[in-house]
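Structure first, then comments.
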Amino acid sequence: MVTTLNIRCLIGSSPQSEFDLAEIVEQGIPTDSIAYLRHQGLTFTEVSSIVISPRTLKHRRARGEKLSNEETERAVRVGRVLSQAELVFGSHDKALLWLRTPDERLNNRTPLSMLPTEAGGRVVESMLWQIDDGVYT
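Just add 5 to the spot in the sequence shown (first one is 1) and you have my numbering.
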């Protein structure tokens, strides 16, 4: 897996396969995993608009619950895309800059704004592969 380091930090373990990761997503990850995304430089607003609203996060923490499957999937997607962007651009700061910069190919939306959905995440991953292959800059 290309994103093992970021995923490991996010979920607290290193899945050995995509199947293992799917099972982890089904079970949900601890709410404390959100702190990892913040530690990686994402703002409170970015995390809350992509992964989980602040109010829902507060309720989950108070009840000692894990993130839902959907929330976990979004958190893992962000970790994967950030990791892929770091590999493509060779720097964490450059990766975050690219993720936050509006792009004409996305109707002037930022790649980060595409990550709440699986379809949007795939578009961003495809763009990163194309950049890595020298198709786009």
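C-beta atoms are modelled at their ideal positions from N, C-alpha and C, and glycine is treated no differently. Since we're looking at a predicted model, the values are computed, not measured.
Can you give the beta carbon distance from residue i to residue j, rounded, assuming they're within the 8 Å contact cut?
i           : j           : result
residue 124 : residue 103 : In fact, because the Cβ distance is near 20 Å, the residues do not count as touching under 8 Å.
residue 86  : residue 126 : 6 Å
residue 113 : residue 121 : About 17 Å separates the two Cβ atoms, so there is no contact after all.
So what does DSSP say about residue i, is it helix, strand or coil?
i           : result
residue 10  : Bear in mind that a pLDDT of 49 at residue 10, under 50, signals an unreliable position, so the model cannot answer this.
residue 59  : helix
residue 138 : coil
residue 108 : strand
In terms of residues, what are the limits of the alpha helix (DSSP H) holding residue i?
i          : result
residue 74 : 74 to 94
residue 42 : 38 to 44
residue 26 : 23 to 32
Check each candidate in the options and name the one with the smallest Cα separation from residue i.
i           : options             : result
residue 26  : 53, 39 and 82       : 82
residue 136 : 119, 95, 77 and 113 : 95
residue 119 : 38, 44 and 52       : 52
residue 88  : 24, 58, 59 and 47   : 47
residue 44  : 129, 79 and 84      : 84
Do residue j and residue i come within 8 Å of each other at the CB atom, strictly closer than that value?
i          : j          : result
residue 29 : residue 71 : no
Would you say the beta carbon of residue i is closer than 7 Å to some non-hydrogen atom of the ligand HEM?
i          : result
residue 47 : Ligands displayed in this structure: none; no statement on the ligand HEM is therefore possible.
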